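Only one structure is covered here, and it is reproduced in the block below.
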Amino acid sequence: MAKAVFQGIKVCDFAWIAMGPQVARELALHGATAIRVESHRKLDGLRTSGPFKDFRPGIDRTGFYSAFNTQKYGISLDYSRPRGQEVARRLVQWADIVTDSMTPGTLAKFGLDYESVARLKPDIIYFSTSQMGKSGPYGQFGSFGDVASAYCGFSQILGYPDRTPLRLHNAYTDFTAPWPLIVSVISALLYRRKTGKGVYLEQSQIESGIGMLGPALLDYAANGRISGRIGNQDPYMCPHNSYPCRGEYRWIAIAIGNDEEWCSLCEVMGRPEWRQDSRFSTFMSRKENEAELDGLIAHWTRDYPSEQLMAMLQAAGVPSGTVHDGEGIVNDPQVKHRQAFRWLNHSVIGRMLYNTPSYALSKTPPEIWKAAPCLGEDNELVYKDMLGYSDDDICSMLVDGTITTEGDLPGTRGRPPQ
Amino acid sequence: MLCRQSFHHWLRKTMDSDKPESILRGYRVLDMAEGGCMMCGKTLGNLGADVIMVEPPCGSPTRSNEPFYHDTPDPEKSLNWLFFGLNRRGITLNLNSEEGRDIFRRLVRTADFVIESFEPGYMARLGLGYSHLNEIKPGIIMTSITPFGQSGPYSHYKATDIVGVALSGMMSIYGEADRAPLRISAPQFYMQGGLQAAVGTMVAHYYRELTGEGQLVDQSCQQAIILTLMNVAETWDLNRTNIRGHGPGMITPRPKPHGPLFTRSIFPCKDGYVLTRITGSTAGNVASTKALVDWANQNGYMTELKDFDWSALDAHTLHQEDSDHMASLLEEFLKTRTKAECLERAVKHSIMMVPVNDTRDVLECPQMAYRGLFQRLDHPELGQGESLPYPGFPVMMNGNRPKICRRAPGIGEHNEAILGELGITSKHMFLLKARGII
Chain A
1 MAKAVFQGIK VCDFAWIAMG PQVARELALH GATAIRVESH RKLDGLRTSG
51 PFKDFRPGID RTGFYSAFNT QKYGISLDYS RPRGQEVARR LVQWADIVTD
101 SMTPGTLAKF GLDYESVARL KPDIIYFSTS QMGKSGPYGQ FGSFGDVASA
151 YCGFSQILGY PDRTPLRLHN AYTDFTAPWP LIVSVISALL YRRKTGKGVY
201 LEQSQIESGI GMLGPALLDY AANGRISGRI GNQDPYMCPH NSYPCRGEYR
251 WIAIAIGNDE EWCSLCEVMG RPEWRQDSRF STFMSRKENE AELDGLIAHW
301 TRDYPSEQLM AMLQAAGVPS GTVHDGEGIV NDPQVKHRQA FRWLNHSVIG
351 RMLYNTPSYA LSKTPPEIWK AAPCLGEDNE LVYKDMLGYS DDDICSMLVD
401 GTITTEGDLP GTRGRPPQ
Chain B
419 MLCRQSFHHW LRKTMDSDKP ESILRGYRVL DMAEGGCMMC GKTLGNLGAD
469 VIMVEPPCGS PTRSNEPFYH DTPDPEKSLN WLFFGLNRRG ITLNLNSEEG
519 RDIFRRLVRT ADFVIESFEP GYMARLGLGY SHLNEIKPGI IMTSITPFGQ
569 SGPYSHYKAT DIVGVALSGM MSIYGEADRA PLRISAPQFY MQGGLQAAVG
619 TMVAHYYREL TGEGQLVDQS CQQAIILTLM NVAETWDLNR TNIRGHGPGM
669 ITPRPKPHGP LFTRSIFPCK DGYVLTRITG STAGNVASTK ALVDWANQNG
719 YMTELKDFDW SALDAHTLHQ EDSDHMASLL EEFLKTRTKA ECLERAVKHS
769 IMMVPVNDTR DVLECPQMAY RGLFQRLDHP ELGQGESLPY PGFPVMMNGN
819 RPKICRRAPG IGEHNEAILG ELGITSKHMF LLKARGII
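Residue numbers (my numbering), protein chains in the order written: chain A, 1 to 418; chain B, 419 to 856.
In structure tokens:
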């Protein structure tokens, strides 16, 4: 068995909510030791957001938090207090990498910004990621990824031409931003290996989203054309849509890119005569009669289960795919073949699925064994074994509230059910 | 003993380690990926790698995709190509001929990475699979990007963007309650695959720096999109509930008797749309909602919600009618404001509210201008004095943004320089060209 890629690399993970923690997750899946630092007094917003086990809210019951904190050690620490800051300083000196995804300026208040940390540990690799980036006229703006996705331009091009733009449920920029940041962290690790010097990385998540709209931006710059909402239409393919199938909210996506695929589709539909039909025989005529054609295809697809249609169409060489929902992706045979999800045992939630990287590495497959931590679950291991605090130190930090506990939860919200 | 060529290679590697943003300087990438999968090589090029695009003699299929510069269909004018092809040089090579493959193998000896997005098994059939390449150049990293991965029941399925995002669960979360599920009309499927392949490639590269060993990176675009679904799979796993597109709002799945809560999030304003919402429960949301309603109050709107305790607003118990009522009060107010007014207020008062921007808004955004996101590249080949703005790498390293080092190459633009490096003379090149090898 090959050694884990990032074995020995230590990450102090102050990042929170959805985007920032994905970076330490990726490194931890490949063998890094990552400590997620949280406080009961100022909870990670995901700990109070569902899905909760059995729909019962609780800070240790949410799959939302768990998803982005696989393989991390979790500690509770109130670094808004002086003694907590002392501990945090020991933590950043222990670490190779420090992460920050709070609204710009937040960690500076506690002496944990890059400049302060670099004074303690000059070769630290530190990243700050925020919506707009740390500098500039909107630098202080904080929000969630669905808001940022509207700002980038995704909402504007998601929807039907006769309806409003749509909100992206999956807060899409939270999932365009991690990848260039992980690439940058690895670059920084290589740079430090060569030079012994640390690196400060700074990211605007909105910029990462804008980068995913490159061709559309150039279309405006070169041609003055502003992309709008076009439903599921495509400039080169027709038919090109999702069509209803048998069952409740069952659909299939079909994309016809050339006449050969069109002829195959006609065969499978049992409508060989449409190949010569003047309404549909060429791409141009299909595009002209797209609404009518969509209606006819929907009339046909309605009677079949989506998976059966996909098998029939793919066998005939027609690009098509079931519109999977959550249930669909979890049970998808290809996803299972790739072991995209692994089931791990969480101390409170029990068996739950966890994501794996989307790439398979032939020599260093990630060894995934640790479910996301409950808040403060690894306090003893981290404070004692990794940071070297004595039992007495730990006791007194528990007593004075430096190490937070359930008693420190604000109000009753988020309190685990009795 | 070092030959001259590898000596230069070694020299470049040792000379240029003075900046983290050029950490790959001196490393060579042979890139045969297409479309969005080219994000992988584009990213490595941003970090200083010498990326060589290897296209078929007629040019990459990516060049036939719109939009085109001035709407002129021309393989040298595809804006799609100009964007994805950044940071590279380009050569042409016919891999279906033995002579072309021979040249490719000679290039592999000078390379550290090979990226491809052909259908699974294609490279192996040409005798250019990972095991072959690793024999030619021990330690090479090969990154293969495909819709579903190199093996498995769908590995030979035909996919396009819409088929891919459908099978990855992304379409089902976008849409209107009464219509078909939607995709984002700017294709994301292959781009996410290409982008996440860059992560896998860098993980493999880091391991190679430690051990000298290369490996095969087998990227699935389907899995890449699944990793963008936020909590969709987890919600199924824990609550046996599917989150589905339901119009312009946020869905909070809840058990019976409440059922899912739909919180409206898109509102028309004077000159377009804005995205914001009324939510409570957690700290950031409460402060944002309070600041938003205060603004409306100051202008005589939403007065019935003055002094409401937003921290008590709990999405787990809120009635749909109450949520809708608050949204309609908010709508009345936002209709009287412009996008710019909304953004200004949001930035100043920490409201989670932004205009729904279009591509023009983004290109003219003062924040992006301040941070220098867009880098203008000259395009004399498109017209005298012509230049285009490209979004740069979205991470700053020690305050510097990794540069876009060159515009996308023309077809075979660097044949002479790169094949010349292999010792192929211009006379020989002429013959290769005549026979369709390059």
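We put the beta carbon where it would ideally sit given N, CA and C, even for glycine.
From a predicted model like this one, the values you see are computed outputs, not experimental measurements.
With contacts defined as CB atoms closer than 8 Å, A:Ala311 and A:Val268 fail to qualify as a contacting pair.
Contacts with chain A at 8 Å (Cβ-Cβ) do not include B:Met471. If you check the CB distance, B:Met457 and B:Thr480 do not come in under 8 Å. Around the Cβ of B:His488, a 10 Å sphere holds fewer than 16 other Cβ atoms; the residue is exposed. Counting other Cβ atoms within 10 Å of its Cβ, A:Glu261 reaches 16 or more and is therefore classed as buried. The beta-carbon of A:Tyr383 is placed no less than 8 Å from the nearest beta-carbon of chain B. Chain-ordered listing is empty here: chain A has no CB closer than 9 Å to the CB of B:Leu795, the nearest sitting near 11 Å. For the pair of segments examined, the region 482–496 of chain B was found to touch the region 219–227 of chain A: the number of CB pairs separated by less than 8 Å reaches three.
For B:Arg794, no alpha helix (DSSP H) encloses it; the enclosing beta strand (DSSP E) starts and ends at 792–796. For A:Asn379, the secondary structure class from DSSP, reduced to helix, strand or coil, is helix. No Cβ-Cβ contact shorter than 8 Å links A:Trp94 with A:Lys3.
Look at A:Phe341 here: in three-state DSSP terms it is strand. Following the DSSP letters along the chain, one finds A:Leu218 inside the alpha helix (DSSP H) bounded by residues 214–223. Under the 8 Å Cβ criterion, the region 738–746 of chain B counts as touching the region 677–692 of chain B, having at least three qualifying pairs. Straight through space, the alpha carbons of A:Leu120 and A:Arg89 are spaced by roughly 8 Å. As for any beta strand (DSSP E) of minimum length 3 sitting wholly inside the region 202–279 of chain A, the runs are 240–244, 251–255, ordered along the chain. Using a 10 angstroms sphere on the CB of A:Val98, the tally of other CB atoms reaches 16 or more, which defines it as buried. Here DSSP, grouped into helix, strand and coil, assigns B:Ile856 to coil.
When the five nearest sequence neighbours on each side are left out, the beta carbons in the same chain lying within less than 7 Å of the beta carbon of A:Cys238 are those of Ile256, Phe283, Arg286, Lys287, Glu290, in order along the chain.
Neighbours of B:Phe566 in chain A, taken as residues whose beta carbon is under 7 Å from its own, are Gln334 in chain order.
Judged by DSSP secondary structure, A:Gln93 falls within the alpha helix (DSSP H) whose first and last residues are 82–94. What A:Val330 touches in chain B, judged by beta-carbon distance under 7 Å, is Ala651, Trp654, Asp655, going in chain order.
Per DSSP, A:Pro410 lies in no beta strand (DSSP E) segment and is marked neither H nor E.
Given a length threshold of 3 residues, each whole run of the beta strand (DSSP E) inside the region 741–812 of chain B is given here in chain order: 792–796, 805–809.
Between B:Val765 and A:Tyr138, the C-beta gap is smaller than 8 Å, which places the two residues in contact. Assigned with DSSP and collapsed to three states, B:Thr629 falls in helix. Residue burial annotation: B:Phe848 is exposed, with fewer than 16 other C-beta atoms found within 10 angstroms of its C-beta.
Proximity of chain B to A:Arg338 at the Cβ level (cut-off 7 Å) is accounted for by Gly567, Gly570, Ser638, Gln641, in chain order.
In this structure B:His737 is exposed. Its beta-carbon is surrounded by fewer than 16 other beta-carbon atoms within 10 angstroms. Counted as a single uninterrupted DSSP element, the stretch harbouring A:Pro319 is not any alpha helix (DSSP H), since DSSP gives it neither H nor E.
What A:Val199 touches in chain B, judged by beta-carbon distance under 8 Å, is Pro438, Met815, Asn816, going in chain order. Following the DSSP letters along the chain, one finds B:Asn498 inside the alpha helix (DSSP H) bounded by residues 497–502. Distance from the CA of A:Tyr114 to the CA of A:Asp13, rounded to the nearest whole angstrom, comes to 13 Å.
For B:Ala584 against B:Pro565, the beta-carbon gap comes to about 11 Å, at or over 8 Å, which does not count as contact. Secondary structure note for A:Pro21: its alpha helix (DSSP H) is the uninterrupted segment 21–29. In the DSSP secondary-structure assignment, B:Phe531 is bridged to B:Val447, B:Ile559.
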